[in-house]
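Numbering-wise (the working numbering), the sequence shown opens with residue 672 and increments by one.
To start, the structure itself, in structure tokens.
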Amino acid sequence: MSLPMITLLATQLVRSPAIRSQAFCTAPFCKSWLSKLLYPPASKPGASSYREANSNGPNQCFLPVRTNGELNEVLMFSNRVPLILNFTFRGLPQADALTGALNRIVLLETEKRVNVADIETDFLETKEAMLRFGVKQIPTLVSVRKTFPEDHYTLSEYGSGEVDWASLKAWVEKNADDA
Numbered sequence: 672m673s674l675p676m677i678t679l680l681a682t683q684l685v686r687s688p689a690i691r692s693q694a695f696c697t698a699p700f701c702k703s704w705l706s707k708l709l710y711p712p713a714s715k716p717g718a719s720s721y722r723e724a725n726s727n728g729p730n731q732c733f734l735p736v737r738t739n740g741e742l743n744e745v746l747m748f749s750n751r752v753p754l755i756l757n758f759t760f761r762g763l764p765q766a767d768a769l770t771g772a773l774n775r776i777v778l779l780e781t782e783k784r785v786n787v788a789d790i791e792t793d794f795l796e797t798k799e800a801m802l803r804f805g806v807k808q809i810p811t812l813v814s815v816r817k818t819f820p821e822d823h824y825t826l827s828e829y830g831s832g833e834v835d836w837a838s839l840k841a842w843v844e845k846n847a848d849d850a
């Protein structure tokens, strides 16, 4: 099949409401592809679940960063709001526990303004970012304001290697802006 033929078929597929509803929405309540991508599911049909889950404010959790270009975009986008960079390694139990606790605190529990972005350190392109922000161990959280690092949080500094919810929440709120 030639490229113009594939493009034509894809265009017809996207424009056809019957095919589009079957392709993107398998559940009867799904009217938007966005409502299928975000977790937890929306309580209203066709609504985005992000707005419900983040009822405390407009804090954002960016997609995982895997290159320096993506990191620079996140830093520019979050220039006016404090940003917490979560240097993590997927599959490491301590890193996964810290990531889950951090996302819950930022998106659901704090009343202050702060954004969070995961930096996946298992990608070679993120090694320069680790040097730039002074990361010596994984997992590490770095508080950033206007692209400059301000504070670091590691599990070994604040306990026995387990996530201490109270100290993590205090650290996040110390580095966040008032709403």
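Think of the CB as a built atom: it goes at the ideal place given N, C-alpha and C, for glycine as much as any other residue.
Kindly identify the DSSP beta-bridge partner or partners of residue i.
| i | result |
| --- | --- |
| Ser814 | Ile755 and Asp822 |
| Asn799 | Before going on, a small fix: residue 799 reads as Glu here, not Asn. According to DSSP, Glu799 bridges with nothing at all. |
| Glu791 | Thr759 |
| Asn786 | Leu754 |
| Asp849 | Its beta-bridge partners do not exist; DSSP assigns none. |
Alpha carbon to alpha carbon, how far is residue j from residue i? Give it in angstroms, no decimals.
| i | j | result |
| --- | --- | --- |
| Glu744 | Leu795 | 18 Å |
| Arg803 | Gly762 | 24 Å |
| Asn786 | Glu821 | 15 Å |
| Ala800 | Asp767 | 20 Å |
| Leu746 | Thr825 | 21 Å |
| Thr759 | Ser749 | 20 Å |
| Leu742 | Glu791 | 11 Å |
| Glu844 | Val806 | 21 Å |
| Asn846 | Phe733 | 18 Å |
| Val639 | Gly771 | The chain is shown only over 672 to 850; residue 639 falls outside these bounds and no answer can be derived. |
Does the ligand PLP have a heavy atom nearer than 7 Å to the CB of residue i?
| i | result |
| --- | --- |
| Asn846 | The ligand PLP is not part of the structure shown, which contains no ligands of any sort. |
Using a threshold of 8 Å, state whether the C-beta atoms of residue i and residue j are closer than that.
| i | j | result |
| --- | --- | --- |
| Asp789 | Pro735 | yes |
| Ile755 | Ser814 | yes |
| Leu779 | Val834 | no |
| Ala850 | Lys783 | yes |
| Pro753 | Asp848 | yes |
From which residue to which residue does the beta strand (DSSP E) around residue i run?
| i | result |
| --- | --- |
| Asn774 | It is not in any beta strand (DSSP E) - Asn774 instead sits in the alpha helix (DSSP H) that spans Pro764 to Arg775. |
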